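Protein chains in written order, with our numbering: chain A, 1 to 413; chain B, 414 to 760.
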Amino acid sequence: MKNGLLQLAACALAVASMSMFAGCKDDAAGGNTTGTSTGTAGSGSEQSGDTIKIGLVVSQNGELRPWGVDCEAGAKLAEKQINDAGGIGGKKVELLIGDSNSKPEEGKSAAAKLASENVIGMIGEVSSGITKQIKTVALEKGIPLVAVGATNPEITQEGQGLISRVCYTDDLQGPVMAVFAYDKGLRKVAIMTDQKQPYSTGLSKTFAEKFKALGGQIVAEEFYQSGENQFSGQLTRVKSKNPDGIFMSGYFTEVGPMARQIRQLGMDKAVLMGGDGWDSSDLVSSGGDAIVGGYFCNHYNDAEDRKEVKDFLEAFKANNNGNLPGTTMGALGYDAAMVVFDSLKRLAAASKEINSKNLAEEIMATENYPGVSGSITLKGTHGDPAKRALVVEVQKTAFVFNKAYEASEVMAR
Amino acid sequence: MDLVLHSVGGLSLDFSTLPQQLVNGLVVGAIYALIALGYTMVYGVLRLINFAHGEVFMLGAYTALLSSWVMGFTPDAISKAFKADHPLTSSPLNLVIMLLVAMAVCAIIGAIIEFFAYRPMRNQSRIAALITAIGVSLFLQYAGQLFLPANPPPSISQEVNPYQKVVSFVLSPAQMNAAGDVIKPQMDITVTVGKIVMLVTVVILMLALTYLVRYTKAGRAMRAASHDFDSASLMGINVNRVVTFTFMLGSALAGAGAMMLATFEGTAMHPFFGLQPGVKAFVAAVLGGIGNIPGAVLGGLLMGLAETLVTWIGFSQYKDAVAFVILILILLVRPGGLLGSNKVEKV
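Structure representation (structure tokens):
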């Protein structure tokens with residue numbers, strides 16, 4: 001080639017965009033699997049030896065790390081409690097952990113690695129995008145998967161009786177916020193969507209549908225990508241439509257700075273709203289005064305007066321050097337692990353063989369399991385538990401409970 | 414003719430927000446320009462695309478964060494102040510310290526990277542140096558995951574920023590008809606004082622750079638080395654020192670850009686957040702003509718404006734694609750860049 005710059009620049013860009021979009025990295029930094037298995041490896045997905053191996057895929061690194069570490073701590077607490085109480089049918093349970101590094105493709109390879117280590121069930125992930133990839137592995141290997149925080153409705157569709165979750169879905173979360181916004185008297189709402197996240201695009205869609213059905217008006221929908229840090233262009237368009245509320249369906253990492261920039265453009269009155277992607281103790285430190293007074297939908301609240309919540313928080317504190325979980329993923333990770341262990345217990349009690357197929361059936365037969373995040377029923381629900389959702393208000397020092405919605409009452413509106 | 418809402422081929426163009434969008438684009442572009450300068454200066458001297466430049470930017474933002482913590486604006490102190498209802502107050506001096514510390518630390522990091530990673534590769538093929546640059550970039554990202562606070566992604570507290578006042582310049586007031594309906598919305602530009610400060614600082618930095626490159630001995634040596642590296646060394650110029658100086662200068666500018674972005678926009682940081690601005694600034698440098706200093710500034714501003722204008726016409730979902738469309742077009746039509754020379758080069 002005659003032009004050196006052309007060649008060099010094109011080559012350089014190709015490499016740069018590769019690392020930008022695909023993640024040029026072959027191994028996880030923090031840890032792949034903890035603890036090598038002690039029992040002899042079983043054939044296929046049968047379990048032999050004296051431990052029952054369950055895989056857990058979490059984001060130990062990357063931008064979802066705050067949720068990943070909480071989820072891992074919650075699941076480990078469940079593992080410890082079960083083993084301290086004597087295990088399941090005389091066998092210990094063992095969580096094998098794979099790091100997704102907050103990336104879908106690495107989540108897939110982590111899941112494949114766990115499957116090759118003969119786990120009989122899998123738990124994970126906190127985000128829908130990564131869970132979609134883990135699901136493909138679970139379906140291929142016939143291993144049941146319990147998702148932790150993946151709220152996108154598509155996750156459990158065509159799950160072949162293997163895929164379930166312990167969280168509510170965006171089919172509930174979006175409408176809950178729409179009903180909440182409408183009841184608050186908002187009629188003109190703008191939407192900010194993170195187009196890189198299936199979670200965000202799905203949530204924006206369900207919110208908009210319900211809000212329009214209620215008689216409200218969506219005056220604008222603007223897009224950004226996670227990782228972006230200046231939103232002034234999109235927000236200027238939003239401002240020109242003069243909305244009385246803004247629904248931000250992305251994750252807290254972008255929502256915080258975006259809230260600041262909304263106020264910087266002079267939109268002082270607009271009510272800020274979002275989904276469980278806001279749930280992080282970091283939301284207030286990155287959003288500052290701008291985010292205070294915003295509302296979002298969440299799975300449970302630390303201040304709830306229920307035995308499960310209090311017991312969980314106490315045990316979590318004792319197991320994690322006195323620290324409380326920073327996000328709800330601690331509780332959801334714990335619930336997901338407990339749903340799996342509870343199913344194993346029922347298998348052992350009925351002296352059925354412990355393998356992937358029986359476990360999948362037993363998980364899908366879960367009925368009224370008293371989880372930290374509410375009662376979980378998977379029987380006859382195609383893997384989506386009908387759970388209630390809470391709306392919490394962001395205040396300077398805490399997220400304060402504002403209103404609870406039952407799934408049935410929201411859908412009836 | 415009603416100039417406010419124009420419909421062109423199904424697009425609704427809202428001219429009342431155009432001045433605001435141009436200002437937005439200018440602010441975004443100013444940061445791209447600062448980063449692009451680093452790419453272009455290093456390329457000018459070494460013919461090397463320093464892909465670790467985005468990571469230097471990232472480290473600059475973290476340096477600004479840590480220096481704000483050292484000055485007492487830690488999350489703990491702030492939440493305590495929140496609870497006690499005694500908000501912390503900051504002075505512009507804090508920002509100046511953060512800016513200078515970020516620039517100095519980045520300059521040192523730039524020099525270290527050059528010394529350990531690029532100098533041993535100086536006489537190797539260019540592609541080897543390029544791969545090294547990508548290696549350094551990945552190394553800094555993943556080392557950052559180990560050592561930098563990223564859980565949760567921190568951001569510089571807004572308490573440290575005394576320039577939060579929002580000012581609004583009304584260009585033309587809203588017009589209403591007899592019934593009280595708005596027939597022409599108000600045309601205004603709303604910015605924080607911080608953004609004005611930021612633009613002024615960028616201009617000052619660029620003037621200082623121009624002076625440095627044009628009128629000082631070090632600048633002359635830099636230009637000589639960029640013109641002909643080998644002859645410059647034969648003429649008694651210490652080219653190693655020139656290269657180090659170039660890296661320090663470029664990195665310091667990236668540090669300044671990072672500090673201002675993190676402080677005035679409130680960006681949440683993680684060890685990968687230099688990637689996107691880095692790639693976009695690289696496109697800006699190519700657009701302006703890589704190796705050409707005014708070209709980098711022009712390219713940065715054009716990139717910022719292009720991105721905001723795409724948003725303005727209602728295609729925010731294609732905002733990031735614009736950078737790459739521009740890159741492809743410029744490589745096809747004018748590979749040397751807008752201000753670059755189009756001379757044929759042997760590899």
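Quick reminder that beta carbons are idealized off the backbone N, C-alpha and C, glycines included. Note that the structure is predicted; figures quoted are calculated from it, not measured.
Are any of the Cβ atoms in chain A nearer than 8 Å to that of residue i?
{"i": "T487(B)", "result": "no"}
{"i": "S481(B)", "result": "no"}
{"i": "F686(B)", "result": "yes"}
{"i": "L506(B)", "result": "no"}
{"i": "S581(B)", "result": "yes"}
{"i": "H466(B)", "result": "no"}
{"i": "P598(B)", "result": "yes"}
{"i": "V613(B)", "result": "no"}
{"i": "D427(B)", "result": "yes"}
{"i": "S639(B)", "result": "no"}
{"i": "D594(B)", "result": "no"}
{"i": "P707(B)", "result": "no"}
{"i": "T502(B)", "result": "no"}
{"i": "A541(B)", "result": "no"}
DSSP beta-bridge partners for residue i?
{"i": "F296(A)", "result": "G274(A) and V392(A)"}
{"i": "Q434(B)", "result": "In DSSP, Q434(B) forms no bridge with anything."}
{"i": "E94(A)", "result": "K53(A)"}
{"i": "P586(B)", "result": "For P586(B), which the question treats as bridged, DSSP gives no partner whatsoever."}
{"i": "S164(A)", "result": "V146(A)"}
{"i": "I376(A)", "result": "Y369(A)"}
{"i": "Y334(A)", "result": "Per DSSP, none; premise fails for Y334(A)."}
{"i": "L666(B)", "result": "Answer by DSSP bridge pairing: none, since L666(B) is not bridged."}
{"i": "A404(A)", "result": "L390(A)"}
{"i": "V580(B)", "result": "V604(B)"}
{"i": "F399(A)", "result": "V394(A)"}
When you compare the CB of residue i with every CB in chain B, is at least one pair closer than 8 Å?
{"i": "G42(A)", "result": "Note that G42(A) has pLDDT 36, beneath the 50 cutoff, so the model's placement of it is unreliable and the number below is only indicative. By this cut-off, G42(A) is not an interface position."}
{"i": "D282(A)", "result": "yes"}
{"i": "S240(A)", "result": "yes"}
{"i": "S232(A)", "result": "yes"}
{"i": "D26(A)", "result": "At D26(A) the pLDDT is 36, less than 50, meaning the model places this residue with poor confidence; the figure from the coordinates comes in the next sentence. No, D26(A) does not count as interfacial toward chain B."}
{"i": "G142(A)", "result": "no"}
{"i": "T169(A)", "result": "no"}
{"i": "A22(A)", "result": "Confidence is the limiting factor: at A22(A) the pLDDT is only 41, short of 50, which leaves the residue's position unreliable and the question unanswerable from this model."}
{"i": "A398(A)", "result": "no"}
{"i": "Q197(A)", "result": "no"}
{"i": "N152(A)", "result": "no"}
Just mark residue i as buried or exposed, buried being the case when its beta carbon has 16 or more other beta carbons within 10 Å.
{"i": "F529(B)", "result": "exposed"}
{"i": "T397(A)", "result": "exposed"}
{"i": "L647(B)", "result": "exposed"}
{"i": "L745(B)", "result": "exposed"}
{"i": "Y624(B)", "result": "exposed"}
{"i": "T38(A)", "result": "The predicted model places T38(A) with a pLDDT of 39, which falls under 50 and marks its position as unreliable; any figure quoted below should be read in that light. Looking at its Cβ environment, which holds fewer than 16 other Cβ atoms inside 10 Å, T38(A) is exposed."}
{"i": "H683(B)", "result": "buried"}
{"i": "M468(B)", "result": "Inspection of the sequence shows that residue 468(B) is occupied by Glu rather than by Met. By the 10 Å Cβ count, E468(B) comes out buried."}
{"i": "Q588(B)", "result": "exposed"}
{"i": "S664(B)", "result": "buried"}
{"i": "V616(B)", "result": "exposed"}
{"i": "D594(B)", "result": "exposed"}
{"i": "L371(B)", "result": "A query on residue 371(B) cannot be resolved here, the shown segment of chain B reaching from 414 to 760 and no further."}
The ligand GTP and residue i: does any heavy atom of the ligand fall closer than 7 Å to the residue's C-beta?
{"i": "K597(B)", "result": "As far as ligands go, the structure on display features none, and thus does not contain the ligand GTP."}
If the cut-off is 8 Å on Cβ atoms, which residues from the region 200 to 227 of chain A count as contacting chain B, listed in chain order?
Interface annotation for the region 200 to 227 of chain A against chain B: E222, F223, Y224, Q225 and G227, criterion Cβ-Cβ distance under 8 Å.
Those runs of the alpha helix (DSSP H) which lie wholly inside the region 182 to 261 of chain A and span at least 4 residues
With a minimum length of 4 residues, the continuous alpha helix (DSSP H) runs that stay inside the region 182 to 261 of chain A are 198 to 214 and 232 to 240.
Members of the region 305 to 336 of chain A near chain B, C-beta cut-off 8 Å:
Residues of the region 305 to 336 of chain A whose Cβ lies closer than 8 Å to any Cβ of chain B, in chain order: G326.
Beta strand (DSSP E) segments (min. 3 residues) lying fully within the region 598 to 624 of chain B:
For the region 598 to 624 of chain B, whole beta strand (DSSP E) runs of length 3 or above, ordered along the chain, are 600 to 605.
If we require 3 or more residues per run, which beta strand (DSSP E) segments fall completely within the region 53 to 141 of chain A?
Taken in chain order, the unbroken stretches of beta strand (DSSP E) that lie wholly in the region 53 to 141 of chain A and span 3 residues or more are 92 to 99 and 121 to 123.
What residues in the region 51 to 67 of chain A have a beta carbon less than 7 Å from any beta carbon of chain B?
Answer in chain order: N61, E63, R65 and P66.
Within the region 531 to 559 of chain B, note down every full beta strand (DSSP E) run reaching 3 residues or more, in order along the chain.
If we require 3 residues or more, the region 531 to 559 of chain B turns out to have no beta strand (DSSP E) run fully inside it.
Which residues of the region 655 to 678 of chain B have a Cβ closer than 7 Å to any Cβ of chain A? Give them in chain order.
Against chain A - using a Cβ distance shorter than 7 Å - the residues of the region 655 to 678 of chain B are L674 and E678.
If you measure beta-carbon to beta-carbon, which residues of the region 283 to 297 of chain A are closer than 7 Å to chain B?
So the close ones are S285, S286 and G288.
Along the region 512 to 538 of chain B, what residues have a CB closer than 7 Å to any CB found in chain A?
Residues: none.
Contact residues within the region 262 to 277 of chain A, judged by C-beta distance below 8 Å to chain B
Of all residues in the region 262 to 277 of chain A, R263, Q264, L265 and G266 have a Cβ within less than 8 Å of some Cβ in chain B.
Below 7 Å between beta carbons is the criterion; list the residues of the region 246 to 258 of chain A that meet it against any residue of chain E, in chain order.
Included in the structure are the protein chains A and B, with no chain E among them.
Taking only runs of the alpha helix (DSSP H) that begin and end inside the region 693 to 748 of chain B, which ones reach a length of at least 4 residues, in chain order?
Segments of the alpha helix (DSSP H) lying fully in the region 693 to 748 of chain B: 706 to 725 and 732 to 746.
Which residues, in chain order, does the region 166 to 193 of chain A contribute to contact with chain B at a C-beta distance below 7 Å?
Cβ contacts with chain B: none found.
Please name the residues in the region 721 to 734 of chain B whose beta-carbon is closer than 9 Å to at least one beta-carbon of chain A, in chain order.
Using a CB distance below 9 Å, the part of the region 721 to 734 of chain B facing chain A consists of T721, L722, V723, T724, W725, G727, F728, S729, Q730, Y731, K732 and D733, ordered along the chain.
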